[in-house]
Amino acid sequence: MIENKTYNILMIAKPEEELFYLKNYLDKSIIKTKVTSVYSTTDAIKELKKQKYHIIFLDLGKPGETASTKIDQILSFSPSIPTVILSNKIDLPFSISCLERGASDYLIKETLDTFSIYKAIRHNIDRRNYIHALEEAKMRYSRLFHLSPQPMWVYDIDTLEFLDVNEAALQKYGYSINEFLSLKITDIASGDEIPKILKTVYETRKNVTRSFKGISKHKTKDNQIIDVEIHSNLIKFNEKSARLILANDITKKLKHIKAMETQNRKLREIAWTQSHVVRAPLVRMMALVNMLNEHFEEPSDFYLEQINRSAQEFDKIIREISDKTAQIELDD
Numbered sequence: 021m022i023e024n025k026t027y028n029i030l031m032i033a034k035p036e037e038e039l040f041y042l043k044n045y046l047d048k049s050i051i052k053t054k055v056t057s058v059y060s061t062t063d064a065i066k067e068l069k070k071q072k073y074h075i076i077f078l079d080l081g082k083p084g085e086t087a088s089t090k091i092d093q094i095l096s097f098s099p100s101i102p103t104v105i106l107s108n109k110i111d112l113p114f115s116i117s118c119l120e121r122g123a124s125d126y127l128i129k130e131t132l133d134t135f136s137i138y139k140a141i142r143h144n145i146d147r148r149n150y151i152h153a154l155e156e157a158k159m160r161y162s163r164l165f166h167l168s169p170q171p172m173w174v175y176d177i178d179t180l181e182f183l184d185v186n187e188a189a190l191q192k193y194g195y196s197i198n199e200f201l202s203l204k205i206t207d208i209a210s211g212d213e214i215p216k217i218l219k220t221v222y223e224t225r226k227n228v229t230r231s232f233k234g235i236s237k238h239k240t241k242d243n244q245i246i247d248v249e250i251h252s253n254l255i256k257f258n259e260k261s262a263r264l265i266l267a268n269d270i271t272k273k274l275k276h277i278k279a280m281e282t283q284n285r286k287l288r289e290i291a292w293t294q295s296h297v298v299r300a301p302l303v304r305m306m307a308l309v310n311m312l313n314e315h316f317e318e319p320s321d322f323y324l325e326q327i328n329r330s331a332q333e334f335d336k337i338i339r340e341i342s343d344k345t346a347q348i349e350l351d352d
């Protein structure tokens, strides 16, 4: 046996046709199956309600209005299960119609053999699983994109038009979904930033840079200017070359950094004043104390000693402030 997995198959066929597939083509040495046979779409729907099937074979006999009704009934009830249509004759328009309705395959009974049945089972189940995986991936992307707390959008790298935008971006920039999708990326850029943005777009398009990171100034609908950190990746969106953008508002962060830099500058100015302006008269005072110390005897010497000690402590404090200021400059 090629594989150990058991495939649950639902056969919808007339009583006289049932054994045609089961006995002749489902070779147990190749594939392990559990086949349930029913004779009408009504019975088929009852079976589909009772248990899970991997694939459905629907024998239509001859194409016609009744056959189309059967297809619609089965596909509308179980759109996620691959359904293979079996027919007695080749009818190209009808076979195309079946596939357009959602059928997975269309096979002519007289051309069937063991291998074609096995291939139909594996190919159609695997294809449906692949399509399901793609749909799941698309749903995960949609959830990550639209539910992200960070503003995100997708734009066409050729036209610069927005192709999609999430709720966080709508709230940040103040536009409705229709308004946002009618804009281009240059419409949300600060006026003096537009040449820079166009240059970046051209360079990343020319060099096919897959990822990009930078800082730019944007404007909201009410003309508020914000600083944003841009993270960009090249993607395919509805068959178009596009870029996925994550925009992180760093306006408050930059203001905080600027405030810290201003504070550090003021601290350096204060320290410089203390070490240069305040220390000058202190040095003169210490010199005068030394001179007085040489000409006065006890008990005046005691008081002079106290003044001198206080002046030295004052000098030590100023030096420590100067050292800390120098350390701030090194850290910057």
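When you number the sequence shown by my numbering, it's gap-free, plus one each residue, and the end is 352.
Idealized CB from N, CA, C, for every residue including glycine.
Quiz item: In this structure, does DSSP put Thr-353 in helix, strand or coil?
Solution: This structure leaves residue 353 out entirely; the chain is present only between 21 and 352.
Quiz item: Does the distance from the CB of Ser-236 to the CB of Val-221 come in under 8 angstroms?
Solution: no
Quiz item: Name the DSSP beta bridge partners of Ser-107, please?
Solution: Gly-81, Ile-128
Quiz item: Is it the case that the Cβ atoms of Arg-148 and Ser-117 are separated by a distance below 8 angstroms?
Solution: no
Exercise. Would you mind stating whether Ile-50 and Tyr-138 have Cβ atoms separated by less than 8 angstroms?
Key: yes
Exercise. Starting from the N-terminal side, write out each stretch of the alpha helix (DSSP H) that is 4 residues or longer and does not extend beyond the region 116-202.
Key: 134-166, 187-193, 197-201
Self-check item: Other residues of its chain near Ile-197: CB distance less than 8 angstroms, five sequence neighbours each side excluded
Solution: Val-185, Leu-190
Exercise. Please check the pair Met-31 and Thr-56, which I expect to be a contact at CB under 8 angstroms, by giving their CB distance rounded to whole angstroms.
Key: 7 angstroms
Quiz item: Apart from the five residues on each side of it in sequence, which residues of its chain come closer than 6 angstroms, Cβ to Cβ, to Leu-266?
Solution: Gln-170, Met-172, His-251
Quiz prompt | Beta bridge counterpart(s) of Gly-18 as assigned by DSSP | solution = Missing from the structure shown is residue 18; the chain here goes from 21 to 352 and no further.
Quiz item: When we look at the beta-carbon of Asp-133 and count the other beta-carbons within 10 Å, is it buried (16 or more) or exposed?
Solution: exposed
Practice problem: Return the residue from the list Gln-244, Glu-213, Lys-241 that minimises the CA-CA distance to Gly-234. | Solution: Glu-213
Practice problem: Kindly give me the distance between the Cβ atoms of Val-104 and Phe-77, rounded to whole angstroms, as I take these residues to be in contact under 8 angstroms. | Solution: 5 angstroms
Quiz item: If we count the other Cβ atoms within 10 Å of its Cβ and call it buried at 16 or more, is Ser-107 buried or exposed?
Solution: buried
Practice problem: If I'm right that Leu-80 touches Lys-90 with Cβ under 8 angstroms, what's the distance once you round it to whole angstroms? | Solution: 6 angstroms
Quiz prompt | Cβ pair Asn-24, Ile-75 closer than 8 angstroms | solution = no
Practice problem: Select from Glu-333, Gly-122, Lys-72 the residue whose C-alpha is nearest the C-alpha of Ser-96. | Solution: Gly-122
Self-check item: N-terminal and C-terminal residue of the beta strand (DSSP E) that Tyr-27 is part of
Solution: 26-32
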